[in-house]
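Numbering (my numbering), first residue to last: 78 to 440.
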Amino acid sequence: MKRRSISPFSLSFLDIMFCGFGAVVLLVLILDHDTVRTRETTFANLRAEAVDLERQAIRARQDLSADKAALQAASESRVEADEAIRAIDAEIAALELEMAEMSRLTLARVASIEQLKSDLKNLDSESKRLAAEAKAAKDPGNRVLKVVGDGDRQYLTGLKVGGKRILILVDASASMLDETVVNVIRRRNMSEASKRAAPKWRRTLATAEWLVSQLPRGSRFQLVSFNTRARVTATGSGGTWLDTDNREQVNRAVTGLQETIPEKGTSLERAFEVVKKMQPRPDNVILITDGLPTQGRGKPRGTTVSADARLKHYFAAVRALPEKIPVNIILLPMEGDAYAAAAFWQLAAATGGSFMTPARDWP
C-alpha cells in the first residue's frame with residue numbers, strides 16, 4: 078500500500094496555531110490574575126471605607142444624642158428664665174404701683190412731718206417747764222415725771238423700761254432688713270446668713286438686747302417676735318413670764334431672737350393679741366417696729382398694700398389692745414410710710430407710754 082505523504086506546510090501551520098492558542102491562554106491567565114488582584118484590592122478598600130463610615134455613623138448618632146440632651150436642657154433653662162422674667166415683671170409692676178402711691182401721699186407726708194415738728198416743739202417746751210417745777214419742788218410726791226398707776230410710766234426722762242411684767246414686742250418682718258423698699262426686695266432674696274447680718278436687723282437686735290439689760294431686777298418679762306404670726310423667742314417657755322434674775326431664761330430669750338430670720342409681712346394685730354393672752358397681763362409693753370402693719374389677722378389678697386389700708390390694719394390692731402397698759406414705741410422708720418410716726422406717737426400718748434425714733438448709732 079502506498080504511504081500518504083505529509084506536507085511540511087501543514088505541520089508548520091499547526092505549530093503556529095498551537096503556539097498562538099498557547100499565547101492566548103497565557104495572556105488570558107495573566108489578565109485574569111491582574112483582574113482578581115485588582116478586584117481584591119478594590120474590595121479591601123471598599124470594606125475599609127465601609128468600616129470608617131460605620132464608625133462615623135456611630136459618632137454621629139452619639140453627637141445627635143448629646144445635641145438632643147443639650148437642646149432639652151436649653152429648653153428647660155428657657156422656661157425657667159421666662160418664669161423668672163415674669164416674676165421680675167410682677168415685682169416691677171408692684172413697685173411702680175407703690176411708687177405711684179408714695180407720690181400721691183407726698184403732700185400728706187409733708188403735712189404730717191410739720192405737725193410732728195410742732196408737737197415735738199410743744200413737748201420740748203412743756204418738758205423744760207415741768208423740769209423747772211420739779212427742781213423747785215421740795216416734796217418728791219409733787220414730781221410729774223412719774224404717774225402712779227399701771228406700770229411705772231415715765232414721760233420725760235426717756236424710754237420707759239420699768240414695771241413688774243414687761244412685754245417686749247419685736248417686729249421680725251421682711252421690712253426690718255433695710256430702710257428702703259428696693260433694698261428690702263434685694264435682701265429678702267439673699268441667704269439666711271445675709272438676712273441675719275443686715276445692718277437694720279442687727280440694729281434691731283442691739284436695741285432689744287439693750288432693753289433686756291435695762292429691765293429692773295426682780296421683775297418678769299417676755300420677749301416676742303412677730304411678722305404674720307407672733308411667737309415667744311424663749312423656746313419651751315410656753316408664753317409664761319420669765320424672771321430677769323434667771324440668767325438662763327434671759328439668755329434663752331435673747332438667743333431665740335438672734336436666731337430669728339426677718340421675713341414675710343407685718344401683722345400688728347397678732348402681736349397685740351399676745352398682750353391679751355399673757356396672764357397676768359403686762360403692766361408695760363415695749364414695741365420695736367419700723368412702720369404700720371401690712372396685713373390684719375389673715376393673709377392679704379393682693380401683693381401690694383396702700384397707705385390707707387395699712388392705717389386700717391393699724392386701727393384694727395389698736396382695738397385689740399387691752400386698756401390701761403402703757404405702750405412704749407421705738408420706731409425705726411421705713412421709707413414711704415407717711416402715717417407711721419404720727420399714728421404710733423398718738424398710740425403712745427393715748428396709753429401713757431413714750432415714743433422715740435432713735436439715732437442710727439443708738440443704743
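Every residue, glycine too, gets a C-beta built ideally from N, C-alpha and C. Because the structure is a prediction, the values reported are computed rather than measured.
| Among M433, T337 and L369, which residue has its Cα nearest to the Cα of A270? | T337
*Just the Cα atoms here: how many angstroms apart are G239 and I363?*
10 Å
Enumerate in chain order the residues of its own chain whose CB-to-CB distance from T428 is below 6 Å, with the five nearest sequence positions on each side excluded.
-> P403 and V404
#### Entry: Contacts around F421, its chain only, beta-carbon distance under 7 Å, and the 5 residues preceding and following it disregarded
I406, L408 and F432
Grouping DSSP H, G and I as helix and E and B as strand, with all else coil, what is D414?
-> coil
- With a threshold of 16 other CB atoms inside 10 Å of the CB of T257, please say whether the residue is buried or exposed. exposed
_Can you check which of these residues, R242, L182, E178 and L369, is closest to T317 by C-alpha distance?_
R242
- Task: For R306, collect the residues of the same chain with a Cβ closer than 7 Å to its Cβ; drop the 5 residues on either side in sequence, then sort them by chain order.
- Result: R347
When you compare the CB positions of S250 and K341, do they come within less than 7 Å of one another, or not?
yes
Considering only residues of the stretch 297-352, which uninterrupted beta strand (DSSP E) runs meet the minimum length of 3 residues and lie entirely inside it, listed in chain order?
-> 297-303 and 307-309
Buried or exposed (CB count within 10 angstroms, at least 16 for buried), D255: buried
(message) Just to confirm my understanding: we take F95, look at its own chain, exclude 5 residues before and 5 after, and list those with CB closer than 8 Å. What are they?
(response) none
* To do: With DSSP collapsed to three states, give me the class of V259.
  => helix
Q) Would a check of beta-carbon distances place R374 closer than 7 Å to chain C? A) Of the chains in the structure shown, none is chain C; there is only one protein chain.
How far does the alpha helix (DSSP H) with T281 in it reach, from first residue to last?
P276 to S290
Out of S142, Q423, V261 and V309, which has the shortest C-alpha to C-alpha gap to L388?
Q423
Distance, Cα to Cα, T119 vs A100?
28 Å
Please classify W278 as buried or exposed, where buried requires at least 16 other C-beta atoms within 10 Å of its C-beta. buried
- Query: Is the Cβ-Cβ distance between T381 and L174 less than 7 Å?
  - Reply: yes
Which whole-angstrom value describes the C-beta separation of P370 and A397, a residue pair presumed to lie in contact below a C-beta threshold of 8 Å?
About 11 Å; that fails the 8 Å criterion.
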